[in-house]
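Numbering (my numbering), first residue to last: 42 to 219.
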């Protein structure tokens, strides 16, 4: 609520949307940070992994203030074009860090502030930063399945139709949710 920010606190979180560059209304995948309670300067320090084509995709970051009784309040947004000079993660090269000013969705909104974010590409052909984990699937050849520090399993296979890397649930979905 606005009084959160007038009173000096908020409960911010971020939605990260992977979208196509041509049709910006088409969202391919969504991730969400945890909510940081009672702060105006949150540090999420969370990793998200998306399978992207830098020439066809972009990331949209939407920041919200979580409200228990009313609709969450939009605080601002920014875009990251993935065809920029983004480095691959390695011990020799630091993660690219940039500051983005927050943008508004409509003319009537009042938005202020900025977000600093670090990002890099994971190299699917190396075992760094992820480590090979052949016990997950004994049929997977080495270098094709990797466990990241974030708990995601990266599977590199030629016939994949999956647009993002998402942990699979152990419990089947309820009927009609498939």
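From the three backbone atoms N, C-alpha and C, an ideal C-beta is built for every residue, glycine too.
Proximal residues to residue i (C-beta, below 7 Å), its chain only, five neighbours per side dropped
i, result
"residue 137", "127, 128, 159, 160, 161"
"residue 99", "60, 62, 120, 121, 122, 123"
"residue 83", "53, 77"
"residue 180", "Here residue 180 scores only 40 on pLDDT, less than 50, and its place in the model is too uncertain to base an answer on."
"residue 113", "105, 106, 107"
"residue 95", "123, 124"
"residue 89", "57, 72"
According to DSSP, residues forming a beta bridge with residue i
i, result
"residue 53", "106"
"residue 60", "68, 99"
"residue 157", "140"
"residue 220", "Outside the displayed span of the chain (42 to 219) sits residue 220, for which this structure offers no information."
Residue i and residue j closer than 8 Å at C-beta
i, j, result
"residue 103", "residue 55", "yes"
"residue 97", "residue 68", "no"
"residue 71", "residue 93", "no"
"residue 163", "residue 130", "yes"
Cβ-based neighbour list, residue i, same chain, cut-off 6 Å, excluding 5 preceding and 5 following
i, result
"residue 80", "none"
"residue 142", "155"
"residue 78", "52"
"residue 175", "Low confidence applies to residue 175: its pLDDT is 34, below 50, so where it sits in the model is not reliable, and the reading given next is rough at best. The answer is none, since no qualifying residue turns up."
"residue 152", "117, 143, 145"
"residue 101", "58, 60, 120"
"residue 73", "56"
"residue 140", "155, 157"
"residue 50", "79"
"residue 85", "74"
Endpoints, beta strand (DSSP E) assigned at residue i
i, result
"residue 118", "114-122"
"residue 141", "137-142"
Are there three or more Cβ pairs, one per stretch, closer than 8 Å when the stretch 146-156 is compared with the stretch 107-127? yes
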